[in-house]
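Undergrad: What follows is a structure written as structure tokens; I'll ask about it next.
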Amino acid sequence: MTNTRSIHLNILAMCIALLFASCQKDATVSITNAQCEYLDNPLGLDTPQPRFNWKLNDAKDFLQETYRIRIATDSSFLLSGTPDIWDSGMTNGQSLSSEYSGDKKLQSHQRYYWDVTVWSNKGDSCISSINMFGMGKLSQSDWVASWISDTHDKEYEPAPLFRKEFKVEKNIAHATLYISGTAYYEMFLNGERVGNSYLDPGYTHYNKRILYATHDITSLINRGGNAIGVVLGNGFYNCQSKAVWDFERADWRGRPRLLCELRITYADGTTDVIASDDTWKTNTGPYIYNNIYSGDRYDGRLEEEGWNNTGFDEKNWIAAKITDSPAPLIVSQQMPPIRITKEIKPALLKSFGDTLFVFDLKENIAGVCRLNVKGERGTTFTLQHGELLKDDGRLQPGNIDVYYRPEKPGEVFQTDIFILKGSGKQEEFTPQFTYHGFRYIEVKTDRPVTLTEDNITGLFLHTDIPQVGYFSSSNKLLNKIWAATNQSYRGNIHSIPTDCPQREKNGWTADAHIAMDLALLNFDGITFYEKWMNDFIDNQRPNGGISGIIPSSGWGFGDWPGPVWDAALFIVPNALYDYYADKRCIERLYPTMLNYLEYLKNQEKDGLLTFGLGDWVYYKAQTPNDYTSTLYYYLDYMLMARFATILGKDASMYKEKAESLKKIINDKFFNPETAVYANGTQTAQAIALYLEIVPEGKEQAVADYLQKIVAENNHFLDFGLLGSKTVLRMLSKYGYVEDAYKMATKTEAPSWGYWVETQGYTTLAETWLLSPEFHDASLNHVFMGDISAWMSSYLAGINYDISRPGFENIIIKPYFIADLEWVKGEYNSVRGKISSEWKADGKNIEMTVKIPAGSTATIYAGDNKYNVGSGEHKYRFALR
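Numbering-wise, the sequence shown is residues -27 to -1, 1 to 853 according to mature numbering (1 follows the signal peptide of the UniProt record, and there is no 0).
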């Protein structure tokens, strides 16, 4: 139904339904956070079977027994009880999620309305508000638009601009924009910027798959004349300078291209499509250069006023050129975009005369700066970004400019340039096609100016996935470490999980899989990681191998980094299943996993894998790589057996292979007399326990040896990436939580406390120590950050139950520390908010746990174990 009355009724119906969504009998429960594809009222979905999920709020012992989902093309059909698309009927189950399985195929470009009703085991019922989702392009043939570019080649530096005018003569019901650009676009409609996203669409293997974004632009269209304006940036698609990871030699490289389709649905039910083609006009303008690593250059003197609005004289513009699609797959970007999540005003740290200034944001972020200045025409502002200062107060870029190799004259790493047009008014510049990792900004000008802290604003940019987890305690150092970990995580999510936001910006696979628990305990990341796992599919070579960075232009395949890194292919979808009870990612990746295991089988030497990286950036003690590589080979097969079982396939061959590998590892690397694995490092002991490779009955002895070597080292850590994930966890699990706590709260090097307390870092560093001479490491890496997940899971005690994933059953098992007065943890899971807090009252512990409706919990309180339903539960017991 596509008329004005229908649209108004839909809006009214949704408001009424939101107001009156209620439950019968039990007035305390309500349905909250009803989502489609884990997003709020999403547009542009291109999956034929969308998933629906919901949460139940504020009810004690409300256990869902039955649910019903209804979908209609008009919300009024739901209100009248006549859904015209799908009625699931009364469906038994405690799952707070389902997927579309109706007989009618969902249609491209159509908007749908849906609700869900649930019934409890006591007969109480509750209905949600009415929600919406919109379909995008369900088939590649649904595109009317053509890919267009200009006539320049890939080495031409000024960014291409495109424009198109069109008229609207009728009343509009709604208008939807589908847009993609390689690599990034910034779009305007009648001079107004479309959307609040940056660096869209997300980074992919551009010769395999390209994403498109969807926007509702109804409010931006005028009755009468309208104008579209688009500018494209290079990103990783067209790296025009030399990079260590060969992006300048990528097969996909080309001049930026645009795909743009604006679909207008009128009140009378008719539609118009304004699609990119050779009637669009193109030119270049003030965006004279952009590079994802070095930065943006913008010359305001080249601006043509009104180029993105109606009535512009385009006589000097030429027709756009229709070009081929860069990739066979153009798919919807079904995750939150990169947005500005925080604006930071700096302190003016120091001025060096009237042409050189250094600003300090007081925190390390990923993003760009907004510059607001005025001055003479041609005045050039050069903004260089970094994490450290020299002794004289000038910027020290030496720790982060070691991996980018610009060869062009005047190109400097992490540097944006703005040239004033000299309008006599305040001029604003925000880079559009780059981002940096930085705390300090050094600003140089080519002529004297006056600057204050009001001239610059730091903009924190990252994929805007919602934060859902929190931790605090009576120990301020732990709180600082937790905050620094989360700051690092946010600074390293830019459509892929990255290692650092400055010198590399790469999707290092082990960095990501080590961080999975801290990621999902603190952020609602399923759509973000599902997107990245599609990149794994595109990354795999015919021989089954994958690279250590994903996406990759071809760098990182082969023996280095190897199996420990590649295990992300299994660990990430496994984590999504544990946290969300969603198997779609496993289903998609299963063939990729099979091919990869065949690849590894051909790399074995006497049953072992003897290549690849292991406990990366260890402190002093190096754990053998053949040990760690084979351990993760074993883990691959253990997880593959689990996946086969989940998907209803035969898991026996994977279990048998895992058992074979377990025996090989223990025969070669384990001394049952001394309980020592490999060379007896902290990592070697802990990872054997963590991956459950230890022979039955020997676990405690292995843990005892781990505690012994930790204590003998005065509770200093001595490990790298793998130890940072496993040592604190295994000490805690096997009775040595006080030892883990001592490690976690050290403030001398090497320690997390050394970074945040002694050095004053607001993010986590790449290495335990920086080289005094070379300052050779990033100060914004998240891969040593699992300590924050340890805080949530072991100190606050919030854990999933592997046998009932997605927090259908919740395990609350906190460990109590004599030095801690109190701990609070909170996690808004896929089923609702979980909280666990405790405080010491003399020799007693007071513990309060809240379990969301629809879930059960197993709570360990002192020596007792309780199986409970939803609601608040309080306990008091003696501290052992």
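Positions of the beta carbon are idealized from the N, C-alpha and C atoms, including for glycine.
Taking the straight line between their C-alpha atoms, what separation do you get for LYS593 and ASP691?
TA: If you take the alpha carbons of LYS593 and ASP691, they lie about 6 Å apart.
Undergrad: Taking the alpha carbon of GLY62 as the point to measure from, which residue in ILE44, PHE50 and SER53 has its own alpha carbon closest?
TA: Comparing Cα positions, the closest option is ILE44.
Undergrad: Please go through the segment 705 to 765 and give each complete alpha helix (DSSP H) segment of 4 or more residues, from N-terminal end onward.
TA: For the segment 705 to 765, whole alpha helix (DSSP H) runs of length 4 or above, ordered along the chain, are 710 to 717 and 760 to 763.
Undergrad: Is it buried or exposed for TYR553, if we count other Cβ within 10 angstroms and need 16 for buried?
TA: Burial call: buried.
Undergrad: Could you check the C-alpha separation between GLU360 and ARG367 for me, to the nearest Å?
TA: Whole-angstrom Cα-Cα distance: 11 Å.
Undergrad: Quick one: give me the first and last residue of the beta strand (DSSP E) that SER445 is part of.
TA: Residues 442 to 446.
Undergrad: Whole-angstrom Cβ separation of TYR158 and LEU205, contact assumed at under 8 Å?
TA: Going by Cβ atoms, the distance from TYR158 to LEU205 rounds to 6 Å, so yes, they are a contact pair.
Undergrad: Here's the rule I'm using: 16 or more other beta-carbon atoms within 10 Å means buried, otherwise exposed. How should PHE25 be labelled?
TA: Per the 10 Å Cβ criterion, buried.
Undergrad: Taking DSSP's pairing of strands, which residues face ASP333 in a bridge?
TA: According to DSSP, which records beta bridges pairwise, ASP333 is partnered with ALA320 and TYR413.
Undergrad: Identify whether ARG24 lies in helix, strand or coil by the three-state DSSP scheme.
TA: Here ARG24 sits in strand by DSSP.
Undergrad: Consult DSSP for GLY340 and reduce its assignment to one of helix, strand or coil.
TA: DSSP places GLY340 in strand when its eight states are reduced to three.
Undergrad: Buried or exposed: which applies to VAL537, given that a residue is buried once 16 or more other Cβ atoms fall within 10 Å of its Cβ?
TA: By the 10 Å Cβ count, VAL537 comes out buried.
Undergrad: What does a CB cutoff of less than 8 Å around THR618 pick up in its chain, not counting 5 residues either side in sequence?
TA: These residues qualify, in order along the chain: ALA624.
Undergrad: Quick one: which unbroken alpha helix (DSSP H) runs of 4-plus residues sit fully inside the segment 678 to 709? Chain order, please.
TA: Runs of the alpha helix (DSSP H) inside the segment 678 to 709: 694 to 706.
Undergrad: When you compare only the Cα positions, how much space is there between GLU646 and THR601?
TA: Cα to Cα, GLU646 sits roughly 21 Å from THR601.
Undergrad: Determine the DSSP secondary structure at ILE58, reduced to helix, strand or coil.
TA: In this structure, ILE58 counts as coil in the three-state DSSP scheme.
Undergrad: Using a 10 Å radius around the Cβ and a threshold of 16 neighbouring Cβ atoms, would you call GLU128 buried or exposed?
TA: Label assigned to GLU128: exposed.
Undergrad: Could you check the C-alpha separation between SER340 and ALA648 for me, to the nearest Å?
TA: It is Gly, not Ser, that sits at residue 340 in the sequence shown. Distance between the alpha carbons of GLY340 and ALA648 is about 48 Å.
Undergrad: Is the distance from the Cβ of ILE637 to the Cβ of LEU581 below 8 Å?
TA: A contact, by the Cβ cut-off of 8 Å.
Undergrad: Hey, quick one: how far does the beta strand (DSSP E) through VAL537 stretch, first residue to last?
TA: Counting along the chain, VAL537 falls outside any beta strand (DSSP E), though it belongs to the alpha helix (DSSP H) covering 536 to 539.
Undergrad: Would you check if there are 3 or more beta carbon pairs closer than 8 Å linking the segment 522 to 529 to the segment 217 to 227?
TA: Counting Cβ pairs under 8 Å, three or more are found: they touch.
Undergrad: Nearest-angstrom Cα distance between TYR171 and ASP579?
TA: Answer to the nearest angstrom: the Cα atoms are 50 Å apart.
Undergrad: Assign HIS467 to one of three DSSP states: helix, strand, or coil.
TA: In this structure, HIS467 counts as coil in the three-state DSSP scheme.
Undergrad: Run through DSSP, which three-state label would SER153 get?
TA: SER153 falls in the strand class under three-state DSSP.
Undergrad: Going by C-alpha distance, which of PRO534, SER445 and GLN513 is nearest ASP484?
TA: Of the listed residues, the one whose Cα sits closest to ASP484 is PRO534.
Undergrad: Closer than 8 Å by C-beta to TRP763: which residues in its own chain qualify, once you throw out the five before and the five after it? Chain order, please.
TA: Cβ neighbours of TRP763 beyond the five flanking positions: LEU701, ARG702, SER705, ALA713 and ALA717.
Undergrad: So the beta strand (DSSP E) GLN576 belongs to, where does it begin and stop?
TA: That residue, GLN576, is in no beta strand (DSSP E); it is neither H nor E in DSSP.
Undergrad: When we look at the beta-carbon of GLY164 and count the other beta-carbons within 10 Å, is it buried (16 or more) or exposed?
TA: The residue is exposed, with fewer than 16 neighbouring Cβ atoms inside 10 Å.
Undergrad: Going by the beta-carbon positions, is the gap between PHE543 and MET566 smaller than 8 Å?
TA: Yes, the pair counts as a contact, with Cβ atoms nearer than the cut-off.
Undergrad: Where do the ends of the beta strand (DSSP E) carrying ASN782 lie?
TA: Run containing ASN782: 782 to 785, per the beta strand (DSSP E) assignment.
Undergrad: Is ASN207 helix, strand or coil when you go by DSSP?
TA: It is coil, neither helix nor strand.
Undergrad: Where TRP725 and ILE783 are concerned, what is the direct C-alpha to C-alpha distance, given to the nearest angstrom?
TA: Roughly 29 Å separates the two Cα atoms.
Undergrad: Once you ignore the five residues that flank GLU739 on each side, which residues in its own chain have a CB closer than 6 Å to its CB?
TA: Closer than 6 Å at the Cβ level, and outside the excluded window around GLU739, lie ALA750, SER751 and HIS754.
Undergrad: Flag this pair as yes or no: are the beta carbons of THR155 and GLU316 separated by less than 8 Å?
TA: No, the Cβ-Cβ distance between THR155 and GLU316 is not below 8 Å.
Undergrad: When the Cα of LYS630 is compared with those of PRO21, LYS622 and MET613, which residue comes out closest?
TA: For the residues PRO21, LYS622 and MET613, the minimum Cα distance to LYS630 belongs to MET613.
Undergrad: Quick one: which unbroken alpha helix (DSSP H) runs of 4-plus residues sit fully inside the segment 542 to 601? Chain order, please.
TA: If we require 4 residues or more, the alpha helix (DSSP H) runs fully inside the segment 542 to 601 come out as 557 to 574.
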